[in-house]
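**Q**
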Amino acid sequence: MNTLFTIRLGLARGWIEFRQTFTSAQDLWSYLGNSVVFLAVLVFLRGGTVEGTPISVAAMSMPGVLGMLLLFGGVLATMQLLTTEREDGTLLRAKAMPHGMGGYLVGKLLHVSLMTIASMAIVLLPGLFVLDGLMERGLSGIPTLVWVTLLGLLATLPYGAILGSLFGSPRAAVAAVMLPLMGLIVISGIFFPISVLPEPVQWTAQVFPLYWLGLGLRSAFLPDTALPAEIGESWRHLETAGVLGLWAVVGLLIAPAVLRRMARRESGTALERRRHRAMQRVG
1 MNTLFTIRLG
11 LARGWIEFRQ
21 TFTSAQDLWS
31 YLGNSVVFLA
41 VLVFLRGGTV
51 EGTPISVAAM
61 SMPGVLGMLL
71 LFGGVLATMQ
81 LLTTEREDGT
91 LLRAKAMPHG
101 MGGYLVGKLL
111 HVSLMTIASM
121 AIVLLPGLFV
131 LDGLMERGLS
141 GIPTLVWVTL
151 LGLLATLPYG
161 AILGSLFGSP
171 RAAVAAVMLP
181 LMGLIVISGI
191 FFPISVLPEP
201 VQWTAQVFPL
211 YWLGLGLRSA
221 FLPDTALPAE
231 IGESWRHLET
241 AGVLGLWAVV
251 GLLIAPAVLR
261 RMARRESGTA
271 LERRRHRAMQ
281 RVG
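Structure follows, in structure tokens:
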């Protein structure tokens, strides 16, 4: 019963936060600004095709763009929200409520998930009308797009919460995480098949969910004529679901424990100390 109450509390909180985001132009731009930029780039590239193939540059790039938005939402947005609300005292107030931390985590996951889906829709929906050859598979690619997106969110959101629990400020979090994350993006081939990379790099990339996210999204958009560039010349849907599912299960098991441990260290004194350090930086 307590678990169901916590989930209901979190879902209600997440929905309220989602609606409130649309009342702030600054918050909306922070979530959706990248989508507008990516869409503009795709429109600029809409006339070209990939050399040696009939596949349009827009269709080849779209899976990578959606994957980047999902990664930024699931990891970076969650991490920054958590560290910001830890710094301004929101998390301390949640801790004081019955089932507050569990509800806080569920609410944050729902809020970020909805905003991430919205950011992806801003690129995808207009793209269907202005970009040629975007849905080479037609309607058959939609179920794949849906399940890969949902599993991708579950495989990234908990780790954004975990990382947010480890840093005391959003600036420190971004500074520590951005460089490794960009390196992972490069070796995971989210914008291109990693078969062109050295074999040790390929094996390393396949450990992380980002490679499988890119592969799954490519399988939703690209025709089977693109398979020769993939490892094993296969979309490997079963392996994609298995790896993303495993990362999701592990993350969902670890994140609440890490968040509770971090919350136990939160206090009014700790909050005031962080505010004092922030004021010194501003000064």
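With full-length UniProt numbering applied, the sequence shown covers 1 to 283. Idealized CB from N, CA, C, for every residue including glycine.
1. Which class does T23 belong to by DSSP, given the choice of helix, strand or coil?
2. Is it true that the CB of W247 sits closer than 8 angstroms to the CB of A161?
3. Among M97, K108, E233, P63, which residue has its Cα nearest to the Cα of E85?
4. Using the Cα positions of M62 and D132, report the straight-line distance between them to the nearest angstrom.
5. Determine the contact status of G102 and P256, defining contact as a CB-CB distance below 8 angstroms.
6. What residues in its chain sit with their C-beta under 7 angstroms from that of G64, if we drop five residues either side in the sequence?
7. I think V177 touches W212, with their Cβ atoms under 8 angstroms apart; what is that distance to the nearest whole Å?
8. So, are the CB atoms of V123 and L69 less than 8 angstroms apart?
9. Can you tell me whether S61 is helix, strand or coil according to DSSP?
10. For the candidate residues H111, L81, L39, whose alpha-carbon lies nearest to that of residue 351?
11. Within the continuous alpha helix (DSSP H) that includes A121, where are the two ends?
12. Going by alpha carbons, who is nearest to M262 out of G168, Q206, V57?
13. For R13, count neighbouring C-beta atoms within 10 Å of its own C-beta (all shown protein chains included) and say buried if the count is 16 or more, exposed if not.
**A** Walking through what the data contain:
1. Along the sequence shown, read from residue 1 onward, the residue named residue 23 stands at position 23. In the structure shown, T23 sits in coil (DSSP, three-state: anything other than H, G, I, E or B).
2. Along the sequence shown, read from residue 1 onward, the residue named residue 161 stands at position 161. Along the sequence shown, read from residue 1 onward, the residue named residue 247 stands at position 247. No, Cβ-Cβ distance for A161 and W247 is not below 8 angstroms.
3. Working through the sequence shown from its first residue, we reach residue 85 at position 85. With distances taken between Cα atoms, E85 lies closest to K108.
4. Residue numbering aside, residue 62 sits at position 62 when the sequence shown is read from its first letter. Residue numbering aside, residue 132 sits at position 132 when the sequence shown is read from its first letter. Computed Cα separation, rounded: 12 angstroms.
5. The residue you call residue 102 lines up with position 102 of the sequence shown. The residue you call residue 256 lines up with position 256 of the sequence shown. Yes, the Cβ-Cβ distance between G102 and P256 is below 8 angstroms.
6. Here residue 64 is taken as the residue at index 64 of the sequence shown, counted from 1. Taken in chain order, the residues that qualify are I190, F191, G214.
7. In the sequence shown, counting from the first residue as 1, residue 177 sits at position 177. In the sequence shown, counting from the first residue as 1, residue 212 sits at position 212. About 20 angstroms; that fails the 8 angstroms criterion.
8. For the purposes of this step, residue 123 is taken as the residue at position 123 of the sequence shown. For the purposes of this step, residue 69 is taken as the residue at position 69 of the sequence shown. Closer than 8 angstroms, so yes.
9. As a first step, residue 61 is located in the sequence shown; it is residue number 61 there, counting from the start. Helix.
10. For residue 351 there is no data in the structure shown, the boundaries of the chain being 1 and 283.
11. Stepping through the sequence shown from its first residue, residue 121 is reached at position 121. Segment 100–130, the alpha helix (DSSP H) holding A121.
12. The sequence position of residue 262 within the sequence shown is 262, counting from 1. Checking every option, the nearest Cα to that of M262 belongs to G168.
13. Residue 13 sits at position 13 when you count from the first residue of the sequence shown. Under this definition R13 is a buried residue.
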